[in-house]
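K.L.:
One structure, pasted below without further comment.
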Amino acid sequence: LKMKTILIPVLLLLCSGLTVSTNVKVLSTPRSGDKGLDPCVLQCYGSTGYGTTNWRGDKIWAGVEISYKDCGFKNGTMPHITTQLSGDGFIAFTVGGSATYTSYTDERFSVCVQWHSGSNPVSHTESVLEYTKLYNWRIDWVATGYTC
5 LKMKTILIPV LLLLCSGLTV STNVKVLSTP RSGDKGLDPC VLQCYGSTGY GTTNWRGDKI
65 WAGVEISYKD CGFKNGTMPH ITTQLSGDGF IAFTVGGSAT YTSYTDERFS VCVQWHSGSN
125 PVSHTESVLE YTKLYNWRID WVATGYTC
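Numbering-wise (our numbering), the sequence shown opens with residue 5 and increments by one.
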């Protein structure tokens with residue numbers, strides 16, 4: 005009797021239609037021949053983290069390498085990646101935060117940020133790398149690719 009009492013609500017929950025689904029339709033891709041089957045499309049989201057991004061760089065630029073290995077895209081394919089520089093300030097004075105660079109492998113990509121026109125908006129003593137830490141800059145990203 006106890007087993008039936010537990011089993012019936014679980015079965016009702018499973019059969020009630022409370023499922024999570026995503027609908028992604030691919031209309032075109034940046035590279036010809038990349039189009040796969042719509043049921044195989046996967047979107048993967050990530051962030052380098054507020055105040056925890058491992059930036060490298062110097063006075064005029066800062067960069068970060070980002071892995072999407074855990075997304076589960078089909079081996080040998082590179083997803084379409086969209087990025088955004090986020091943080092607590094001075095982002096409007098930069099370029100590059102929404103530009104991705106060709107990945108070194110099928111598992112990672114890089115983003116490089118620099119001051120607009122190569123100059124610091126506040127003073128010429130702070131570097132871009134210092135601002136990444138002072139203002140908790142991070143890269144938020146979305147990768148869309150295929151699993152089959």
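Think of the CB as a built atom: it goes at the ideal place given N, C-alpha and C, for glycine as much as any other residue.
1. Taking just the CA atoms, how far does A66 sit from N79?
2. Any chance you could list the beta strand (DSSP E) runs of at least 3 consecutive residues sitting entirely within the region 67 to 118, in chain order?
3. Can you give me the C-alpha to C-alpha distance between L52 and Y135, rounded to a whole angstrom?
4. With the cut-off set at 7 Å, would you say G50 and W145 are in Cβ contact?
5. Between which two residues does the alpha helix (DSSP H) carrying Y54 extend?
6. To the nearest angstrom, how far is it from the Cα of V14 to the Cα of L46?
7. Exposed or buried, what is W141 when buried is set at 16 or more other beta-carbons lying within 10 Å of its beta-carbon?
8. Please classify G91: is it buried, with 16 or more other beta-carbons within 10 angstroms of its beta-carbon, or exposed?
9. What three-state label does DSSP hand V146 in the structure shown?
10. Please state the DSSP three-state secondary structure of V30.
11. Between A147 and P43, how many whole angstroms is the CB-CB distance? I'm expecting something under 8 Å.
12. For T56, which of K137, Y150, T98 has the nearest alpha-carbon?
13. Taking the C-alpha atoms as reference points, what is the distance between Y72 and A103?
14. Assuming contact is defined by CB atoms lying nearer than 7 Å, are Y139 and G101 in contact in what I supplied?
P.N.:
Checking against the coordinates, here is how it stands:
1. 29 Å
2. 84 to 90, 105 to 109
3. According to the sequence as given, residue 52 is Thr; it is not Leu. Computed Cα separation, rounded: 16 Å.
4. yes
5. Y54 -> no alpha helix (DSSP H), and no H or E assigned at all.
6. Reliability of the predicted coordinates at V14 is poor, the pLDDT of 45 falling under 50, and no value is obtained from them.
7. buried
8. Label assigned to G91: buried.
9. DSSP places V146 in strand when its eight states are reduced to three.
10. Of the three classes helix, strand and coil, the one that applies to V30 here is coil, per DSSP.
11. Going by Cβ atoms, the distance from A147 to P43 rounds to 18 Å, so no, they are not a contact pair.
12. K137
13. 16 Å
14. no
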